Amino acid sequence: MKLPSLNIQILLGAIVGVLGGLSLHQLGADNAATQNSLYFAGIIGTLFIDLLKMILIPLVFCSIAVGIANLRQHQQMHRVWTTTLLFFVSSMAIAIVLGMAASLYFKPGSGLSLPMFQDAMQHFSAKQMAPAEFATQFLHSIFVNPFKALSEGNVLAVVIFALFLGIALVMGGARYQNILSLLQEGLEITMRIVGWVMRLAPYGIAALLVKLVATQDAAMLGTLLKFVAVVVGTTLLHGVIILPLILYLFTGKSPLWFWQGAREALITAFATSSSSATLPVTLRCVTQHLHVKPQIAGFVVPLGATINMDGTALYEAAAALFIANLAGVELSFAQQLIVFFTAMIAAIGAPGIPSAGMVTMVMVLQSVGLPAEAIAILLPIDRLLDTLRTTVNVQGDMIGSLVVQKLVK
Ligand code: ASP
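In terms of the working numbering, the sequence shown opens at residue 425 and continues consecutively.
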C-alpha cells in the first residue's frame, strides 16, 4: 500500500493528536492509561523537537552566510535588507493595530476585576524591566562571540555573525571561493538531514498535540473567554485575511497555493509553539514548495524567525489593554501609543520559543504602569494561545520572503 504524501500525513497527525488529547482529557489525569499515554507522547514529542533543534544552528549559520554571499551585487544586497526590515515592521504594525482596535471596541476584561485573580497573582512575582533596560539588554545580545552563540543555540547572535561572514565573502570574491563552497555543501547536507527529520513529523506533531490538549485546564478558559475570543479572532483575521491579501497584492499568488506549500511549516509551528524549532521546516517549505530563491529565503526566513512576530506583537498589545481593563485603568491616547511601540519591541526581542512572549510582556505592562504580576492570570491559557500566534509568526516570515523576492526583482 502506498502511504499518503508527507503533507497529508502531517495533517492527519495533527488531527489524531487533537482527538487523542481530547479523549485523554475525558479519561481524567489520574487514569493509568492517560498517564502512560502522556509519558510516551512526551518522549516522542520531545525527541522531535530535539531533532529540529539539533539541526537548527548549523542550518541557520550556513543558510544566512550562503544567502548573503550569493546576493553578489551590492545594490541587490542593500535592497533585500531594507525591503525585509520594512516588511517586518509594517506587518507587525498592522497586527498591533488590529489587536488594539478590537480590544478597544470589545473591551475584554471590563466586566471582571483584578481582585478576582488575587490568588493567581500572589504566587507570581514579575521581574522588573523598564523598556530602556530591555532595549539595552537586547542590543547586548546581538553581537556575541560566535562560538558561544553557536554552542548556546543563540539564534539571533548566530544570524548576525553569519551576516558578517556572508558580507565578507561577497567582498573577498573569488579569494574565499573554498569557504563559500564548503558552506554551500554544508547547507545542502543539513537540508538533507531536515528531510529525514520531517519523516518523523507526523508522529512528533501528533504526540505534541496529544500532550498539549490533554493537559489544558478548561475552567480558566471560560473566565477569560472574551479575551480569548478577541485574541483568537484578530489573530485569525491577520493570518487568514490580511497576510494572504498582502501576498496577493504584491505577488498575485493565491492563498490556496500558499497554504499548500506552507502547510508543513504552519502545522509544525502550531504543534511546537516555537518559531525557532520550526525554522528548518519553514526554510524547506519556502525554498522547495514556494520556490523562493535560496539567497532570499536564507536571509529573510531565519531573521524573521527571531524578530518578525506578527502574532506575538498582536497578542502583547491586546493583553496589555485587557489587563488595563481588569485593573480599571483608562489608558490615554499617549499611553496607547506607548503600548503600540513597546509591543513591537517586545515582539522583536522575544526569542522564538514557547511562551517567550509572556516574558517580554512584562515590559509592555510596566511601560504604562500596569501591574506586571497580572500576567499570572494569562499564564494558564498561554500555551494554548501560543499555538496560534506562533503559526501566524511563521506565516509572516514565509509571506515576507515571497514579497521581498518579488520586490527586489
Ligand atoms: N512562541 C512564539 C514563537 O516562537 C513566541 C511567543 O511566545 O510569542 O514564535
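All residues carry an ideal CB built from backbone N, CA and C; glycine is no exception. Just so it is clear, the structure is predicted and the values come from calculations on it, not from any experiment.
For residue 754, three-class secondary structure by DSSP
coil
Give me the residue from 687, 717, 695 with the minimum Cα distance to residue 706.
687
Residue 619 and residue 477 - do their beta-carbons sit closer together than 8 Å?
no
Span of the alpha helix (DSSP H) around residue 804:
799 to 832
Range covered by the alpha helix (DSSP H) that runs through residue 432:
430 to 451
Residue 653 versus residue 502 - alpha carbon distance
41 Å
When you compare each of 624, 488, 566, 665 to residue 607 by their alpha carbons, which one comes out closest?
488
Can you confirm whether residue 430, when its beta carbon is compared against all beta carbons of chain D, has any partner nearer than 8 Å?
Structure shown: chain D not included; a single protein chain is present.
In whole angstroms, give me the CA-to-CA distance for residue 808 and residue 640.
8 Å
Whether residue 537 touches residue 750 by CB criterion (8 Å):
yes
Range covered by the alpha helix (DSSP H) that runs through residue 654
649 to 660
Of the residues 446, 732, 742, which one's Cα is nearest the Cα of residue 529?
742
Assuming residue 693 and residue 508 are in contact, meaning their beta carbons sit under 8 Å apart, how far apart are those beta carbons, in whole angstroms?
Not confirmed; about 20 Å, so no contact.
Is residue 675 near the ligand ASP, going by C-beta to nearest heavy atom under 7 Å?
no
Between the C-alpha atoms of residue 669 and residue 823, what's the straight-line distance to the nearest angstrom?
10 Å
Whole angstroms are fine: how far does the CA of residue 524 sit from the CA of residue 785?
15 Å
Using a Cβ-Cβ cut-off of 7 Å (strictly less than) and excluding sequence neighbours within five positions of residue 810, which residues of its own chain qualify?
697, 778, 779
Does the distance between the C-beta of residue 734 and the nearest non-hydrogen atom of the ligand ASP fall short of 7 Å?
no
Output the distance between the C-alpha atoms of residue 621 and residue 468, rounded to the nearest integer angstrom.
12 Å
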